[in-house]
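K.L.:
Below is the structure I would like to discuss, written out as structure tokens.
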Amino acid sequence: MIPAGFEYHRPADLTSAIGILQEHGDEARVVAGGHSLIPMMKLRMADLGHLVDLQDIDALKGIAVGGDTVTIGAMTTQHELITHDGLADALPILREAALQIADPQVRYVGTIGGNVANGDPGNDMPGLMQCLNARFSLTGPDGSREVAAREFYEAAYFTAREDEEILTVITIPLPAPGTGYAYAKQKRKIGDYATAAAAVLVGGGTASVAMTNLADTPIWSEAASAALAGGDTEGCVAAMLAAIDPQEDMRGPVAFKKHVAAVVLRRAIDSALSRRS
Amino acid sequence: MSKMHVKLTLNGQEVEGLAEPRMLLIHFLRENLKVTGPHIGCETSHCGACTVDMDGKSVKSCTVFVGQANGAEITTVEGLVNEDGSLGVLQEMFREHHGLQCGFCTPGMITRAHRLLQENPNPTEEDVRFGMAGNLCRCTGYQNIVKAVLASAAQLNAVKEAAE
Amino acid sequence: MKDEVQTPEDRSASLKGMGCSRKRVEDVRFTQGKGNYVDDIKLDGMLTGDFVRSPYAHARVTAINTEVALKVPGVLAVLTAKDLEPLGLHWMPTLAGDKQMVLADGKVLFQGQEVAFVVATDRYAAADGVAAVEVDYEELPVVTDPFKAMDADAPVLREDLEGQTEGAHGPRRHHNHIFTWEMGDKDATEQVLGEADVVAEEMVYYHRTHPMPLETCGCVASMDKVTGKLTVWGTFQAPHAVRTVASLISGIAEHNIRVISPDIGGGFGNKVGVYPGYICSIVASIVTGKPVKWVESRMDNLMSTAFARDYWMKGKIAATREGKITGLWCHTTADHGGFDACADPTKFPAGFMNICTGSYDIPVAYLAVDGVYTNKAPGGVAYRCSFRVTEAAYFIERMIEVLAIRLGMDAAELRRINFIKEDQFPYQSALGWEYDSGNYHAAWDKALKAVGYDELRKEQAQRIEDFKAGKTRKLLGIGLTHFTEIVGAGPVKNCDILGLGMFDSCEIRIHPTGSAIARLGTISQGQGHATTFAQIIASEIGIPADDITLEEGDTDTAPYGLGTYGSRSTPVAGAATAMAARKIRAKAQMIAAYLLEVHDDDVEFDVDRFVVKGAPERFKTMKEIAFASYNQAIPGVEPGLEAVSYYDPPNMTYPFGAYICAMEIDVDTGEHQVRSFYALDDCGTRINPMIIEGQVHGGATEGYAIAMGQEIAYDDMGNHKTATLMDFFVPTSWETPHYTTDHTVTPSPHHPIGAKGVGESPNVGSVPCFSNAVHDAFRPFGLVQSHMPHDQWRIWKIADDLGMHG
């Protein structure tokens, strides 16, 4: 319940924040909404000497809906995503997914940046970002770079981000008009991570399929996406099943998770197909 | 660990104190500021008994460090009482509709309901059940809590209409 | 107020006595966050204690190094078993006649067991101290399966009991065996089974779970060296018993101990027993001379405090071809964890499991229970049920369903054929209980009609057709339960907790100006006693409930009682309240007669006054009588107006109910949805309908959680798998069903106000109701029995095993 001690920093800008990370190396960690990191600190499973609070940094805020992209500051909360009308029109799958994350209190504070940067296989945004072919901007002492969400996740809690880099902005290319979408998630109760979740885009001869919490990283399957683009739902499901690697836990055994993954994906596909226009 | 200076607005009053950076807001409220309405029911941010209203958001104060709350405006259930000391609408309706039994989840529930009704002054039962799903209760089975929140909405809307 | 204008109905209504939905007095402070729970208590110089806990389920503790911990800023002391041994407190007696380590004494027996107690200036320093204590362990083989624990070569858990072939409840036949308890007639039952037309046999498992109140357990112990008085505030469902036990084990004289249960954030049985944290806090306070607070974390609570259930119940039920039950046989293996810390009356090591004949007229029955040690947390307690009554009710309500399958009968009809009839009460059950009253047929018929049972079955039949035709992947299950509970422990001649008879008490004092204060030996943890017991007094004495302060929980002022659990408050303390009130009313009658200058028998009680018989314009109100008792010198009558009653109930009470639910099940995902839940409860006289309904909602929600996913699970190494709310299922407002409540009223003939108690009925009735719905959905496809909890993967597995995913 009680974390170990640390020094608290609340930099006013990105450069200062990066400076602190540089100075303290792996002793320092950033905190966004804190609802992944702080529970771990309370169980003393995350050891850090320096906590860098990002809440005052303007460069990490804001939602911009453009003609063909959406850019979202990393410190944008799930609540802000849900209540942004422009975003609901331009990219409805984002709101559909955000509403299925955690509970109202966590959504008020939890950020999209925290959700994608942590590398927690249970988080919903990583798979969705892969489905959307989003790009993450990372800024460090040597400048900024972009990494595709599809290339960002290496293993549980291991991502392409270097220790001294901060994930600043997420850039999402808008799907073509009329693209069907769905984010479907089976869970034990509100607040739980997914037993299985699927993000699906389909329409105009293209498709994109990503699965959540069925491996130690999100799984975007090129083969599944191609099959669906070609109208082959069962081929899509088979390819997805070949790509995931679920582990047994209190949600259930592997056979159950695989079965549910297929069911959830099929339902997401049906929903997405019906939403094409 | 050396302490930091913490200053925030609590239920309309400016308060301050010294605390280690690792101190959780819930402990700062309960132990330093002696505001014991918000409670502790778990340590994994699930139960919601610690819910406060912070800068217009429902927040689990057990998952916030004092530094993060520096400068914030915080309302706890104590702050929902009327100026003359009478119970606020939510508090009255919780009593009227038997929306509490042991009372342990109640401060968090009422504080969350307060924000829910700001978000949506006309919720359906489904909206209330979804909107309160971050607060666990072991005694009531939620049914009367939902009734109390809906009754509060009706009451607050009636007052608003009368004023217009 | 023109008294002549008020009708008796008006006067009665203004009392807010029994039967009215009086709003709760407690709510004024709770809704403002002004409750006073243990963790709200802050005393000058108060220290905090916290535990070092074992990561292993079974291990020797070979060394505890406190050197580094003692250097942590703020840490004042680290207690181990060696420190408690000279005080004889390194072990403590349990409520089940066993003993339990307070701190690890050479070994640990379950993951999370208390090893050392760190005392520090605040909880942050205590946590740092805990992290700095170094403990050396030597792992030992683990046994988590109670059947394997009884193998000849099973690891020895309780080395302290080595060679002891006699336990607290009779002979022990194996090193991990605790007791055998038998009731009924073994030979007659086996004969009936041998001769029956039909015998259905099944293993019914009621899995391990935990009462998980939202407030965890804790205490503040404060030894005042100047007065020599120990004060302990704590989450105690039985404060007086705790005081007596504390005195016996500490050697501090009982008059120098004051135990206070302040506001308690839910108990549900979790807060009945004595935990190591209480003992260590008391010792630490004595040693340091300062108050010491211990409040456990949620993980501590789920890992080390008393669990509930964990009963493997093998049943055989015999019947005629037409469905009349002729005999019942049950053998139960009871998994108690590392220590038998079951909170039961002394003579009942398996609680009231012998209520397992349920609502049915079963002429012959036999029950045997074997208690077993395993490497799990100690217990178990009655999680919102009277002792083991949830297990018994689940058992019989499953066996009825299993029998219905064997006979090819409708389960509602099978129940009706076998219900105890109204004219059979008081009913002597084959396992030794005398049921006080009941009208099961009336309740059952009312319930079936209310839910439209026949239409539900028709809908279900159509659904089965649709499913087989591939039109749907959702099944419809109809869950049925008719339960009979046994609560209100209990008659002193056979019910005691550690030798303390299970009577209860009420003391009432009327003030000169006509208001009153009453104190009880019970303690509310949310049941609303301050509101409801005042209603009893209001009706009995004729003083408005709003003019009655009701207190509980302070052992310096409250009369001795055995506390609140097992739905005993209304049956026992409620009876004491009525009896004390009647003593006052009897004295008031004498005072009234004196004031009115008539004979005692010439006045009669009328709502809130005594009137002269035949001359109703001549009366004295209770208010006038109260003042007179302080003001008049009445020959032969002492001044004042108060009474105390210690009530020894002649019997338990037997609330009952009929619960029916409809549940949709998705066979591909294992998800379910409760479409409707109807609960009819008969708790005899109903004191406050609003509170009764609230109890049913809450208890049914706990039952929903238990049936549909809540469990305390361990892996084979004894690692706890459900120690946080991530995996320990507590439903939110979103998952929780909507409930329809209803009632019948069959008063208890032996209770002064005919009331039976209701707080735990919904947990007893709802679990089999939800579980039977799951079973019922799959019955047409061949399912007989599948163990709870019915979480998504287990429901999916039922479907998978039945070949539904082909």
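In order, the protein sequence lines correspond to chains A, B and C.
Just so you know, we're using my numbering here: the first sequence kicks off at 175 and counts up by one.
Just so you know, we're using my numbering here: the second sequence kicks off at 3 and counts up by one.
Just so you know, we're using my numbering here: the third sequence kicks off at 4 and counts up by one.
Heads up, the beta-carbon is just placed ideally off N, CA and C, and yes, glycines get one too.
Report all residues from its chain with a CB closer than 6 Å to the CB of L143 (chain C); omit the five preceding and five following residues, and keep chain order.
P.N.:
H61 and A62
K.L.:
In the DSSP assignment, find the alpha helix (DSSP H) that holds S250 (chain C) and state where it starts and stops.
P.N.:
Where S250 (chain C) is concerned, the enclosing alpha helix (DSSP H) stretches over P242 to S253.
K.L.:
To which residues of the same chain is V66 (chain B) closer than 6 Å at the C-beta, ignoring the five residues directly before and after it?
P.N.:
L27
K.L.:
So, does the segment 644-651 of chain C touch the segment 399-414 of chain C, judging by three or more C-beta pairs under 8 Å?
P.N.:
Three or more Cβ pairs closer than 8 Å define a contact, and the segment 644-651 of chain C falls short of that threshold against the segment 399-414 of chain C.
K.L.:
On the DSSP bridge assignment, give the partners of A203 (chain C) in chain order.
P.N.:
C:I320
K.L.:
Across which residues does DSSP place D163 (chain C) in a beta bridge pair?
P.N.:
According to DSSP, D163 (chain C) bridges with nothing at all.
K.L.:
To the nearest angstrom, report how far apart R476 (chain C) and V748 (chain C) are at their CA atoms.
P.N.:
41 Å
K.L.:
Would you say K363 (chain A) reaches chain C, if we count a Cβ-Cβ gap shorter than 7 Å as a contact?
P.N.:
yes
K.L.:
How many angstroms separate the CA atom of K5 (chain C) from the CA atom of P619 (chain C)?
P.N.:
Below a pLDDT of 50, predicted positions are generally treated as unreliable, and K5 (chain C), at 49, falls in that range; no measurement from the model is reported.
K.L.:
If V105 (chain C) and I282 (chain C) are in contact, beta carbons under 8 Å, what's the gap, nearest whole angstrom?
P.N.:
5 Å
K.L.:
Identify whether H7 (chain B) lies in helix, strand or coil by the three-state DSSP scheme.
P.N.:
strand
K.L.:
Going by CA-CA distance only, name the one from C:I481, C:A472, C:M582 and C:G473 that's closest to A521 (chain C).
P.N.:
Looking at the Cα atoms, C:M582 is the closest of the given residues.
K.L.:
Contact check, M249 (chain A) vs Q229 (chain A) under 8 Å by CB: the rounded distance?
P.N.:
7 Å
K.L.:
Go ahead and pull the three-state DSSP assignment for Q9 (chain C).
P.N.:
coil
K.L.:
Contact check, R312 (chain C) vs T393 (chain C) under 8 Å by CB: the rounded distance?
P.N.:
7 Å
K.L.:
Could you give the distance in angstroms between the alpha-carbon of S774 (chain C) and the alpha-carbon of L644 (chain C)?
P.N.:
53 Å
K.L.:
If you pair each beta-carbon of the segment 564-583 of chain C with each one of the segment 753-773 of chain C, do three or more pairs fall below 8 Å?
P.N.:
Verdict: yes, contact present.
K.L.:
Work out the CA separation of F310 (chain C) and D343 (chain C) for me, nearest whole Å.
P.N.:
Near 11 Å, if we compare the C-alpha coordinates of F310 (chain C) and D343 (chain C).
K.L.:
Alpha carbon to alpha carbon, how far is P427 (chain A) from G806 (chain C)? Give it in angstroms, no decimals.
P.N.:
Taking the CA atoms as reference points, G806 (chain C) sits about 17 Å from P427 (chain A).
K.L.:
Would V235 (chain C) and V262 (chain C) qualify as a contact pair, given that the criterion is a beta-carbon distance under 7 Å?
P.N.:
yes
K.L.:
Checking contacts by CB at 7 Å: is G426 (chain A) closer than that to chain C?
P.N.:
yes
K.L.:
Starting from A371 (chain A) and walking both ways along the beta strand (DSSP E), at which residues does that stretch end?
P.N.:
Here the beta strand (DSSP E) through A371 (chain A) covers A370 to G377.
K.L.:
Cβ atoms of L138 (chain B) and C49 (chain B): under 7 Å apart, would you say?
P.N.:
Yes.
K.L.:
Below 8 Å on the Cβ atoms is my contact criterion, and I expect L79 (chain C) with L50 (chain C) to pass it. Report the Cβ-Cβ distance as a whole number of Å.
P.N.:
7 Å
K.L.:
Check whether chain C comes within 7 Å of V374 (chain A), counting only Cβ atoms and requiring the distance to be less than that.
P.N.:
no
K.L.:
Relative to the ligand GTP, is the shortest distance from any of its heavy atoms to the C-beta of V235 (chain C) smaller than 6 Å?
P.N.:
Summarising the ligand content, the structure contains no ligands, and the ligand GTP is consequently not present.
K.L.:
Measuring alpha carbon to alpha carbon, tell me which residue in C:M693, C:N722, C:P734 and C:N691 is nearest G712 (chain C).
P.N.:
C:P734
K.L.:
Can you tell me whether R449 (chain A) is helix, strand or coil according to DSSP?
P.N.:
coil
K.L.:
From L87 (chain C) to G374 (chain C), what distance separates their C-alpha atoms?
P.N.:
When rounded, the distance between both Cα atoms is 29 Å.
K.L.:
Closer than 7 Å by beta-carbon distance: list the chain C residues that pair up with M215 (chain A), in chain order.
P.N.:
Those do not exist, as M215 (chain A) stays about 12 Å from chain C at its closest Cβ, beyond 7 Å.
K.L.:
What's the C-alpha gap between R140 (chain B) and I709 (chain C)?
P.N.:
12 Å
K.L.:
Assuming N387 (chain A) and A368 (chain A) are in contact, meaning their beta carbons sit under 8 Å apart, how far apart are those beta carbons, in whole angstroms?
P.N.:
4 Å
K.L.:
Could you name the residues of chain A that H116 (chain B) contacts, counting a contact when the two beta carbons are closer than 7 Å?
P.N.:
Within 7 Å Cβ-Cβ: nothing; H116 (chain B) doesn't reach chain A, min ~12 Å.
K.L.:
Assuming C772 (chain C) is part of the beta strand (DSSP E), what are its boundary residues?
P.N.:
No beta strand (DSSP E) contains C772 (chain C), which is instead part of the alpha helix (DSSP H) from S764 to F781.
K.L.:
Mind listing which residues of the segment 178-208 of chain A have their C-beta closer than 8 Å to chain B's C-betas, in chain order?
P.N.:
Listed in sequence order: A178, G179, F180, E181, Y182, R184, V205 and G208.
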